[in-house]
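Notes follow once the structure below has been shown.
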Amino acid sequence: MRRLGILLVVGSLMLMVACGSSSGGGNASTITSVTVTCSPSTITYGQTSQCSTLVSGTGNFSSAVTWTASAGSISTSGLFTAPSAGNVSLLVTVTATSTQDTSKSGTSTITVNPVQTTGNVQPIIVDSGPAPQSFATVNEGFVTVTVCVPNSTTCQTIDHVLLDTGSSGLRLLSSAGGGEFNLSLPNQVDSSGNPLLECEVFLDGFTWGNVALADITFTVAGEKASSAPVQVVIPSSGSPAVPSSCSTQTTGPNEGNSLSAFGANGILGVGLFQQDCGLACTAANGTVPPQYYDCSSGCKPVYTTLAQQVTNPVFLFAIDNNGVLVQVPAVPDGGSQNPAGSLIFGIGTQSNNGLESANVYVVPDSGNNAGNFITAFNGTSYPQSFIDSGSNGIFFLDSNTTGIPLCAKPNNSWYCPTTSPDNLSATNQGQTLQGPAGSPIPVNFSIEDATTLFSDNGGNNTAFSTLGGPQPGAFDWGLAFFFGRNVYTAIENQSTPGGLGPYFAY
Amino acid sequence: MNSFRLAAICSHRATSILLSLLILVLPFPARAVLGDTAASVLSDQARMKGTLRSVDNRTYVMHEITSPSGSAVREFVSPQGAVFGVAWEGQFAPDLQQLLGPYYRQAQLAAASQQDASKQPRPRRAPIAIETPGLVVYETGHPRSFHGQAYIPQLVPSGVQASDIR
Chain A
1 MRRLGILLVV GSLMLMVACG SSSGGGNAST ITSVTVTCSP STITYGQTSQ CSTLVSGTGN
61 FSSAVTWTAS AGSISTSGLF TAPSAGNVSL LVTVTATSTQ DTSKSGTSTI TVNPVQTTGN
121 VQPIIVDSGP APQSFATVNE GFVTVTVCVP NSTTCQTIDH VLLDTGSSGL RLLSSAGGGE
181 FNLSLPNQVD SSGNPLLECE VFLDGFTWGN VALADITFTV AGEKASSAPV QVVIPSSGSP
241 AVPSSCSTQT TGPNEGNSLS AFGANGILGV GLFQQDCGLA CTAANGTVPP QYYDCSSGCK
301 PVYTTLAQQV TNPVFLFAID NNGVLVQVPA VPDGGSQNPA GSLIFGIGTQ SNNGLESANV
361 YVVPDSGNNA GNFITAFNGT SYPQSFIDSG SNGIFFLDSN TTGIPLCAKP NNSWYCPTTS
421 PDNLSATNQG QTLQGPAGSP IPVNFSIEDA TTLFSDNGGN NTAFSTLGGP QPGAFDWGLA
481 FFFGRNVYTA IENQSTPGGL GPYFAY
Chain B
1001 MNSFRLAAIC SHRATSILLS LLILVLPFPA RAVLGDTAAS VLSDQARMKG TLRSVDNRTY
1061 VMHEITSPSG SAVREFVSPQ GAVFGVAWEG QFAPDLQQLL GPYYRQAQLA AASQQDASKQ
1121 PRPRRAPIAI ETPGLVVYET GHPRSFHGQA YIPQLVPSGV QASDIR
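The listed protein sequences derive, respectively, from chains A and B.
Mind the numbering: the first sequence is residues 1 to 506 in our numbering, read in order.
Mind the numbering: the second sequence is residues 1001 to 1166 in our numbering, read in order.
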């Protein structure tokens, strides 16, 4: 082809000058092809990209082209200008069509990303946690959080705050409970003007303490939640004493009794919900649940407004406030030590947090299965399943159902498959209050012998994608599931390119 | 075998009738629960201000108390009249001390004993699975959605599966 002496003109400005209207030539001329290149091929909204053509033909053919673009605008000289603003990534097709032969054209694609107005990335470290711990910490992702007295420069930076997509709101372990936090924050008050206290129940324990107001800053990401209600977690030796209606909701201990019981200096709940309790703790509920308390005269449960409740800090951001993307790298079978990842704020709000090819799994925002989707395994559906970065393994079903034996003591809370790794597959599917939503989508995962995992590499590994344990009747896809996946958690009633939250996506 | 089964059904029918009578007769029955008699169902209903639905499953009777918010506690009564299992689901876990009665302390101790002196990693913010010869407790979920079950293996009628206690 090239030996035929075809006319090459690179850059449409040159083309216009060099060839101009001289194309009317001989009848024998033909156009063979038109190719287009644009540089740069990735830009942000409002920016430009220069496109050029390579027109091939025979005889005294014309190199003149006409330009079109599927979005934005393009000049006669091939200068593409992206739309001025947008908050999702856009793929624009630029087309150059030969004026001599309009059946001949070429295209090029330009990616237009949202303008990154701020940083929105806070580092995650999956390490052995804050010392001292009475047992080894694995599969816990930690971030650093700065809390300040609202509207002041009186601040404290707290490291090793557990990243938890399974709860909502920031909880800080007080120094009385062995944590770092010792800042004096103003109390959140209840509707009687008294300090508001809270009991937050997790599966294996509870946290108790007053609700305070703080400006929460993620300094690396540059995001801030102003005057956010947070929980200050105190030990059982603190005052006021834990009400029995709090502690009897679980068979577990007060997690605020020690650093080892808490496992972190705080819990950063960036989960599916705007507040930790929601409507069930407001007067709309009809009965007062044992979550928020007024202890001015003995501790009694009280109603709160939504605004008084401990609130998901992401929901309080000025931007990037519709959810989070958690990125932790793939770790090899056998595990790795101290991998680093990213907590990226917002979904589809900037160039680095688009949903890309992720599938969306919607979950109910209320009801007994709030926050749960459907995992199906070996033909049985488990509609009480969920994704939760705060759980440190993949917890699913039981040995009778899976055929996977438990490890020998002392690791008998974990699975030890006889063939390791044990390669498994399930499906995940969204659900609403009315039932299943969307298609079941296969998910592959592997479980390795936990006793071996914990002893490999001198017992120093902290991150395992193949760590599993039992959970009769459901799947809890904990941090082990996150390695090597982009996992999104969208906040209820917030708009995203994948629709309204709450949902999980990966 | 057949005669035994018949006797069991008769006994169970008697329990149902007795329970109905108790509902009518006893305004404030003594509190009680797992391992206790069917009368404890009523105290739970009163405390939870819930609606009661009873289902006859032939090998047991299931009494379900549903609160106005939709959370539910289910109590499983054997033909002999014992509450052999309980299950719960909702935004909040119920008062487990009330529901498990004397077994609550046992469950606490069993949970604590799982935390042995070993430095090995443990499940964290993870499901509860207590399996002792005299008591089984499972709980799954996260804040805003709790699902649990507890039963006394020795009291579970023959033919009833653990997975029925939900």
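C-beta: ideal position from N, C-alpha, C; glycine also.
Practice prompt. Verify the CB distance criterion: does Pro442 of chain A have a CB-CB separation below 8 Å to chain B?
Written response: no
Worksheet item: Does at least one heavy atom of the ligand SAM sit under 7 Å from the Cβ of Leu91 of chain A?
Response: Ligands are entirely absent from the displayed structure, and the ligand SAM is therefore not among its contents.
Practice prompt. Grab me the residues of Gly119 of chain A's own chain with a C-beta within less than 6 Å of its C-beta, minus the 5 sequence neighbours each way, in chain order.
Written response: Ala221 and Gly222
Discussion item. In chain order, what are the residue ranges of uninterrupted alpha helix (DSSP H) at least 4 long that sit wholly in the segment 356–418 of chain A?
Written reply: 399–402
Worksheet item: Who pairs with Thr30 of chain A in a beta bridge, going by DSSP?
Response: A:Thr58
Worksheet item: Going by Cα to Cα distance, which pick from A:Val362, A:Gly269 and A:Gly256 is closest to His1142 of chain B?
Response: A:Gly269
Fill in: Segment limits, beta strand (DSSP E) that includes Ser108 of chain A
Ser105 to Asn113
Discussion item. Per DSSP, what are the beta-bridge partners of His1063 of chain B in this structure?
Written reply: B:Ser1054 and B:Glu1075
Practice prompt. Note down the Cα distance separating Ser1118 of chain B from Asn412 of chain A, rounded to an integer number of angstroms.
Written response: 12 Å
Worksheet entry | Where Ala104 of chain A falls, given that 16 or more other Cβ within 10 Å makes a residue buried | Note that residue 104 of chain A corresponds to Lys in the displayed sequence, not to Ala. The residue is buried, with at least 16 neighbouring Cβ atoms inside 10 Å.
Discussion item. If I measure Cβ to Cβ from Ser89 of chain A and keep anything under 6 Å in the same chain, skipping five residues before and after, which residues do I get?
Written reply: Asn113 and Gly354
Worksheet item: By a C-beta neighbour count over all protein chains shown, 10 Å radius and 16 as the cutoff for buried, is Ser73 of chain A buried or exposed?
Response: exposed
Item to complete: Could you tell me how far apart the beta carbons of Tyr382 of chain A and Ala474 of chain A are, in whole angstroms, since I believe they sit closer than 8 Å?
Response: 5 Å
Fill in: Runs of beta strand (DSSP E) wholly within the segment 290–315 of chain A (minimum 3 residues, chain order)
292–294
Discussion item. Can you check whether the C-beta of Pro235 of chain A is within less than 8 Å of a C-beta belonging to chain B?
Written reply: no
Worksheet item: Between Asn378 of chain A and Ile441 of chain A, which are expected to be in contact by the criterion C-beta below 8 Å, what is the C-beta distance as a whole number of angstroms?
Response: With 8 Å as the limit, Asn378 of chain A and Ile441 of chain A do not qualify as a contact, their Cβ atoms being about 17 Å apart.
Worksheet item: When burial is assigned at 16 or more other CB atoms within 10 Å of the CB, is Gly286 of chain A buried or exposed?
Response: exposed
Discussion item. With a threshold of 8 Å between beta carbons, is His1063 of chain B in contact with chain A?
Written reply: no
Discussion item. Any contact between the segment 481–494 of chain A and the segment 312–332 of chain A? By contact I mean 3 or more CB pairs, one from each, below 8 Å.
Written reply: yes
Discussion item. Please report the straight-line C-alpha distance between Val438 of chain A and Gln429 of chain A, rounded to a whole angstrom.
Written reply: Contrary to the premise, residue 438 of chain A reads as Gly rather than Val in this sequence. Cα-Cα distance, rounded: 6 Å.
Worksheet item: In this structure, does DSSP put Gln1154 of chain B in helix, strand or coil?
Response: helix
Practice prompt. Please report the residue range of the beta strand (DSSP E) in which Ala437 of chain A lies.
Written response: Gly435 to Ile447
Practice prompt. Going by CA-CA distance only, name the one from A:Ser56, A:Ala85 and A:Ala136 that's closest to Gly106 of chain A.
Written response: A:Ser56
Worksheet entry | Environment of Val232 of chain A [buried if 16+ CB atoms lie within 10 Å] | buried
Practice prompt. With a floor of 3 residues, list each beta strand (DSSP E) that falls wholly inside the segment 1075–1138 of chain B, ordered by position along the chain.
Written response: 1083–1090 and 1128–1132
Practice prompt. Report back the beta-carbon spacing between Pro186 of chain A and Ala228 of chain A to the nearest angstrom; my notes put them in contact at under 8 Å.
Written response: Pro186 of chain A to Ala228 of chain A, Cβ: 12 Å. No contact.
Practice prompt. Could you check if Ser49 of chain A is buried or exposed, using at least 16 other CB atoms within 10 Å of its CB as the buried criterion?
Written response: buried
Discussion item. So, with DSSP's three-state summary, where would you put Ala463 of chain A?
Written reply: strand
Item to complete: Could you tell me how far apart the beta carbons of Pro1123 of chain B and Thr1140 of chain B are, in whole angstroms, since I believe they sit closer than 8 Å?
Response: About 12 Å; that fails the 8 Å criterion.
Discussion item. Quick check on Val514 of chain A: buried or exposed, where buried means 16 or more other Cβ atoms within 10 Å of its Cβ?
Written reply: Nothing about residue 514 of chain A can be read from this structure; chain A reaches only from 1 to 506.
Practice prompt. Would you verify that the beta carbon of Asp1164 of chain B is, or is not, closer than 8 Å to some beta carbon of chain A?
Written response: no
Practice prompt. Going by CA-CA distance only, name the one from A:Leu306, A:Phe262, A:Val145 and A:Leu272 that's closest to Ala283 of chain A.
Written response: A:Leu306
Fill in: Among A:Val362, A:Thr432 and A:Leu453, the one whose alpha carbon lies nearest that of Thr496 of chain A
A:Val362
Worksheet item: According to a CB-to-CB cut-off of less than 7 Å, which residues of the segment 373–391 of chain A neighbour chain B?
Response: Gln384, Phe386, Asp388, Gly390 and Ser391
Fill in: Buried or exposed by the 16-neighbour rule on C-beta atoms within 10 Å, applied to Asp1095 of chain B
buried
Discussion item. Buried or exposed for Gln1154 of chain B, going by 16 or more other Cβ atoms inside 10 Å?
Written reply: exposed
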